[in-house]
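Numbering (my numbering), first residue to last: 1456 to 1597.
Yeah, the Cβ is synthetic: ideal placement off N, Cα and C, and Gly gets one too.
Below: the structure, in structure tokens.
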């Protein structure tokens, strides 16, 4: 019964991450005043022979850095792909023994990676709080 509850929490966490990263749209951004790499990306696109590779990379990591009047996703394409990987991890950690011991480290790594977009950090706070609660009350996945 207890393990089924943890599995349900994991699925709900994963669905929350997918919703916030892939479908949630807002006019607000927390990236105000942050450097957006515009000069570097422009020079890379114009000064290289393999423009398609760099333009694909820039498109993969691009996310809005200014507020808009029209609601839009504030998460880059890479973050959207990562949200699917996070859901898969949340499910697999119940079935793959080697993941159980490293759960808190993987969660902290995910949180650190979210610092590339401050909106992602805010979206992940509920997940981090739940995971820390489970870890410190010894209800984690060991």
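- Put simply, the segment 1536–1550 touches the segment 1558–1575. At least three CB pairs are less than 8 Å apart.
- Straight across, the Cα-Cα distance linking residue 1541 with residue 1524 is about 30 Å.
- If you look at residue 1458, you'll find it in the alpha helix (DSSP H) that goes 1457–1473.
- Rounded to whole angstroms, the separation of the alpha carbons of residue 1513 and residue 1593 is 41 Å.
- A direct Cα-to-Cα measurement between residue 1480 and residue 1511 gives close to 23 Å.
- Around the Cβ of residue 1476, a 10 Å sphere holds 16 or more other Cβ atoms; the residue is buried.
- In the three-state DSSP reduction, residue 1486 falls in the coil class, being neither helix nor strand.
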